[in-house]
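Per this note's numbering, the very first residue in the sequence shown carries number 319; after that it's consecutive.
Reviewing the structure listed below.
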Amino acid sequence: MTNFNRPSMTKQEETHWQTVLTHEAGHAVACLELLGKSADIVVTKYNVDFGNYLAKFCCSEFLQTPPCTHAVVFDVMAAGAAAEYKILGISNSKGFASDLGKIKTVVRLAPEQVSTVLQQEQSVDYPRVRALVQKQAKALQAIAEAAMHRVIALFSTGKLQPDELLLSGDCVKELYDRFKI
Ligand SMILES: [Zn+2]
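Shown next, in the form of structure tokens:
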């Protein structure tokens, strides 16, 4: 089989998607570990010049539902950046900044309460989140890799666009169950 007319990703695009999907896999693994819940990973719009699109683990609905605690919301949100750090060796601070912003809307706290919660968590260097990501690194990588295969397949057929499903919640859960410790 030849591939003459198929567009292939640039190294930059590949790195972009690897970062994004590792990040989302971090959210997914934390959700499954702490809440036993899974969700779809889908493509979303991205407004910055480079990279075109991002992905999203669609968990905000059940993060707003009791018995989800503030600590769980924090851990699930912080797990995105923690996963990047664990798997790729660096953390995309932009992604984490937007996750911190989301914590405010998800837990619906007053701004001063949010900073108290965040300061408490940050002052201890996220030990819970780091431990979680460390423990489930295999599941995390499996989810990120499966999503990457789907991104590459969509890209090569010109169908990589917003709202496109990368991995269903069931598929994410199946990978987690297969590789978790
Ligand atoms: Zn995130």
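We put the CB at the ideal spot given by N, CA and C, even for glycine.
Where DSSP assigns a beta bridge to Leu485, which residues make up the other side? Taking the sequence shown and counting its residues from 1, one reaches residue 485 at position 167. Looking at the DSSP assignment, Leu485 forms a beta bridge with Ile359.
Once you ignore the five residues that flank Met466 on each side, which residues in its own chain have a CB closer than 7 Å to its CB? In the sequence shown, counting from the first residue as 1, residue 466 sits at position 148. The answer, listed in chain order, is Trp335, Gln336, Leu339.
Considering only heavy atoms of ligand 1, does any lie closer than 7 Å to the CB of Gly398? Residue 398 sits at position 80 when you count from the first residue of the sequence shown. Yes, since a heavy atom of ligand 1 falls inside the 7 Å radius drawn around the Cβ of Gly398.
With burial defined as no fewer than 16 other Cβ atoms inside 10 Å of the residue's Cβ, what is the status of Ile408: buried or exposed? Residue numbering aside, residue 408 sits at position 90 when the sequence shown is read from its first letter. Classification of Ile408: exposed, given that the 10 Å Cβ count is below 16.
Can you tell me whether Ala346 is buried or exposed? The criterion is at least 16 other CB atoms within 10 Å of its CB, across all chains shown. Walking along the sequence shown from the start, residue 346 turns up at place 28. When all chains shown are included, Ala346 counts as buried.
Between Ser416, Thr423, Ser474, Lys456, which has its C-alpha nearest Leu372's C-alpha? For the purposes of this step, residue 372 is identified with residue 54 of the sequence shown, where counting begins at 1. Nearest C-alpha to Leu372: Ser416.
Taking DSSP as the reference, what is the three-state secondary structure of Leu353? Locating residue 353 in the sequence shown gives position 35, counting from the first residue. Note: Leu353 maps to helix in three-state DSSP.
Would you mind reading off the limits of the beta strand (DSSP E) that contains Tyr371? As a working note, residue 371 is residue 53 in the sequence shown. Start and end: 371-375.
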